[in-house]
Amino acid sequence: MMTDGRQPVLYVIACGGRPAGELPNLVTSLQADGWTVCVVTTPSGRKFTDSARLTELTGYPVRDDYKRPEEPDVLPPADAMAVVPATFNTINKWAGGISDTLALGLLNEAIGLGLPLVVVPWPNVALARHPAFPVSVERLTSCGVSVLLDPERLPQPASGAPGAASFPWEELKSELRRVYEVCMGRIAPV
Ligand SMILES: Cc1cc2nc3c(=O)[nH]c(=O)nc-3n(C[C@H](O)[C@H](O)[C@H](O)COP(=O)(O)O)c2cc1C
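Under my numbering, the residues of the sequence shown are numbered 10 to 199, in order.
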C-alpha cells in the first residue's frame with residue numbers, strides 16, 4: 010500500500026473503552042499491512058492505553074491534547090483514520106460537530122477533508138439503546154464514514170475485560186484496506 014512512494018499514514022484514535030488496551034497488537038498488525046501508524050487518544054482513552062509502549066511501537070508520541078500554538082506538529086499528516094474503539098460519548102459529540110478533544114478536532118476536520126474514515130462504535134448494549142446513538146451513527150454514515158457496528162457483539166454493561174473479546178479486529182483491518190483503496194481510486198465503491 011503506497012502513496013507517492015511512501016507508506017500511507019493512519020491515525021488510530023482510541024477512546025475510553027477496554028478494547029483500547031489491545032492497541033499494541035492492532036498497531037503491529039496494521040504496520041505489517043503497510044501503514045505508518047500514529048496513535049491519538051482521548052483524555053479518557055489514555056487511561057486504557059500504554060502510551061510508552063505505543064510510542065515505542067509507532068516511533069511517534071501518543072497525543073491526547075491540542076498542542077500549544079508555538080509548538081510544532083509532531084505527527085505526519087494523516088491519509089486515513091480509524092476510531093478504535095469509539096465510545097458512545099465520542100460518537101455523539103462527533104456527529105454533533107463538537108471539537109473539545111484533540112481526537113474530535115481531528116475527526117471533524119477529517120470529514121471536511123474527505124479522508125477515509127473507519128469507526129468501530131463500542132457502547133454497551135444499554136447505551137446503544139439511547140435514542141441519540143442511532144441518530145449519530147446515521148449522521149456519520151451519511152457523511153461517508155464507514156461504521157462497523159454489529160449490535161449482537163456489543164458488551165453488556167459492566168461486563169469487564171471479557172466484554173471486549175468480541176471486538177471486530179479483523180473486519181476493521183480489511184475495511185481500512187477497502188476504504189483506502191476506494192479513496193485512491195484503485196477499486197470502485199460498493
Ligand atoms: C472501566 C470503564 C470502561 C468503559 N467502557 C466503555 C465502553 O466500552 N464504551 C463506552 O462508550 N464507554 C465506556 N466507558 C465510559 C467512557 O470512558 C466515558 O464515557 C468517557 O467520558 C468517554 O470519553 P471519550 O469519548 O472522550 O473517550 C467506560 C468507562 C470505564 C471507567
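Using N, Cα and C, we set each Cβ at its ideal position, and we do this for glycine too. The structure presented is a predicted model; accordingly, all values stated were derived computationally and were not measured.
Check	Outcome
Short Cβ contact (8 Å threshold) for residue 49 with residue 22	yes
Burial state of residue 34 (16 or more Cβ within 10 Å)	exposed
Residue 163 versus residue 93 - alpha carbon distance	14 Å
Residue 136 Cβ short of 7 Å to ligand 1 heavy atom set	yes
Residue 52: CB within 7 Å of a non-hydrogen atom of ligand 1	yes
Paired residues, beta bridge with residue 45 - DSSP	18
Closer than 7 Å: residue 24 CB and nearest ligand 1 heavy atom	yes
Under 8 Å between C-beta atoms of residue 185 and residue 89	yes
Best match in 115, 154, 97 for proximity to residue 132 [C-alpha to C-alpha]	97
Residue 145, buried or exposed, once every other Cβ within 10 Å from all chains shown has been counted against 16	buried
Alpha carbon of residue 254 to alpha carbon of residue 137, nearest angstrom	There is no way to answer for residue 254, as the model of the chain reaches only from 10 to 199.
Beta carbon of residue 113 nearer than 8 Å to that of residue 120	no
At least 3 beta-carbon pairs within less than 8 Å: the segment 171-188 vs the segment 24-33	yes
Close-in-space but distant-in-sequence residues of the same chain around residue 102 (CB under 6 Å, 5 per side omitted)	113
Complete beta strand (DSSP E) runs within the segment 136-162 (minimum length 3 residues, chain order)	none
Alpha-carbon spacing of residue 37 relative to residue 69, whole angstroms	14 Å
Identity of the residue in 160, 15, 161 nearest residue 85 by Cα	15
Residues near residue 27 by beta carbon distance below 7 Å, same chain, minus five either side	57, 170, 172, 173
Ligand 1 heavy atom lying under 7 Å from the CB of residue 117	no
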